[in-house]
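One structure below.
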Amino acid sequence: MIVKILLPSATFKGVSYNTNKIEKDKGELMKVENFGALQALEHLKPKDYINYLEARSKTSARIKYPQFHAVISCKGKSHSKEQLTEIATGWLKGMGYGEQPYLLVFHKDTDNNHIHIVSTHVDENGKKINDSYEKIRAYQVLNQVMGLDQKEQVTKDLDKALSYHFSTRPQFMMLLESQGYTLKLNGGRYALFKYGKQQGDIDAAKVDARISLYQQNINRLAQLRAITEKYKASHNPAVIPVTVPLPGGKAAKPTGYTSELAELLASKFGMQVLFHGKAGMPPYGYTLIDHAQKTVYKGGELMPITEFIRPSDSRQTEREQPVAESPEPIAAPSPAVYVEADEQEETVFPAGQDQPAEVSGYAEEPVSASWLPEINLDIADDIDDEAILGRNRQRKRKARTNTR
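Here it is as structure tokens:
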């Protein structure tokens, strides 16, 4: 389960955005709460809700961005619109918005069911609803609503990571970082941080013991190579930067890399490809996670990066420009939230803003190859990634899961 608090706005664009979805039969109004006498009227227009929210917000002249807009999304169709409505109601109460006027609109136009929440930061006394550590509390409250014991979840996530085969410490860290954890090695133990505080730890010796059992599966690698070669002919392997649009029409910044081939391998075969590189530069390596066999491979064990991203002979005429020169990178929303492009201007967090609570949230029991989201990490390929990553993490004083 994912929750994201979107960028505040001076106007209540969120109302119009969601009512437009309803008019296009892509959304459904699930709940209208605490709008007073307005709720007794029929055939209300979006402007009626906006006027009410604006009138409430004007009781405080100090709050310049009164709109509160959030999204709660589940994996696929695992939760119905009624269940999401109940979850959102409980979440709003826990966040201090239970008595605020709010709208709940269910969206049904993506692969993942999700519900939008629109309210105001200003309470009936003209005071601002407490937003201290809001993004961290967002998941703490969601976990409480879902009945999730975070300590128990950490144990499950550690056990899950240790069930994979990996050959280096950074590969182990990669598995947990992709679940939203930050790892710090101290005194021979990895401390796991999430939601702004330490959630657990693990003895590094236990990780090393798992590493010592690693054996390269030559037969499996041959199968993976055969699959890759087969689909390179029909799916372009050339890498393309993935970007998230910035507010105000500013130039988008790359958040990672992907390719048509990588997307196909992940969705069809559970072969997750993680490209590694610095922003604006072609990737210098990659990691392959074989979820079907629970094994993490250095990309070079499958094939060199140059070969992996080079189109097959039958596609040479369609070969794309190098990633550093690509004029039209893929624009994509954060994988943590499902927000359509016309809403991006007011929903994307400013560049550089810390978003520790948006990486992952309530972790449902995963199925087959879907435990890890598609992420892009900066881990060396055919060189000593233990040395490189260890040095980089020490310099930054934290684990990293984004491109450097």
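Once you know that position 66 of the sequence shown is 58 in the numbering used here, the rest is easy, because the numbers rise by one and skip nothing. Even glycine gets a Cβ: it sits at the ideal position worked out from N, Cα and C.
Asked: Just to confirm, are I128 and I64 a CB contact at a threshold of 7 Å?; Found: no
Asked: What three-state label does DSSP hand M295 in the structure shown?; Found: coil
Asked: For K120, is the classification buried or exposed, using 16 other Cβ atoms within 10 angstroms of its Cβ as the cut-off for buried?; Found: exposed
Asked: Check whether the stretch 224 to 233 touches the stretch 185 to 195, counting contact only when three or more Cβ pairs, one atom from each stretch, lie closer than 8 Å.; Found: no
Asked: Thinking C-alpha only, which one of V133, D123, R48 is nearest G86?; Found: V133
Asked: Going by DSSP in three states, A80 sits in which element: helix, strand or coil?; Found: helix
Asked: Please classify G19 as buried or exposed, where buried requires at least 16 neighbouring CB atoms within 10 angstroms.; Found: buried
Asked: Just tell me which of E126, L33, P38, E116 has its CA closest to the CA of Y409.; Found: Residue 409 lies beyond the range of the chain shown here (-7 to 396); nothing can be said about it.
Asked: Would G179 be called buried (16 or more neighbouring beta carbons within 10 Å of its own) or exposed?; Found: exposed
Asked: Using only the alpha-carbon positions, how far apart do D141 and K148 sit?; Found: 11 Å
Asked: In whole angstroms, give me the CA-to-CA distance for T81 and N26.; Found: 12 Å
Asked: Anyone know if the C-beta pair for V110 and G6 falls short of 7 Å?; Found: yes
Asked: Would you decide whether H35 is buried or exposed? Buried here means 16 or more other CB atoms lie within 10 Å of its CB.; Found: exposed
Asked: Mark E15 as exposed unless 16 or more other C-beta atoms lie within 10 angstroms of its C-beta, in which case mark it buried.; Found: exposed
Asked: Is the beta carbon of L216 sitting closer than 7 Å to the one on L294?; Found: yes
Asked: Could you please give the first and the last residue of the uninterrupted beta strand (DSSP E) stretch that includes G277?; Found: 277 to 282
Asked: Could you check where the beta strand (DSSP E) with A153 kicks off and where it finishes?; Found: Not the beta strand (DSSP E): A153 falls in the alpha helix (DSSP H), residues 142 to 154.
Asked: Would you list, in sequence order, the uninterrupted beta strand (DSSP E) runs of no fewer than 3 residues that lie entirely inside the stretch 191 to 273?; Found: 232 to 236, 245 to 250, 263 to 268
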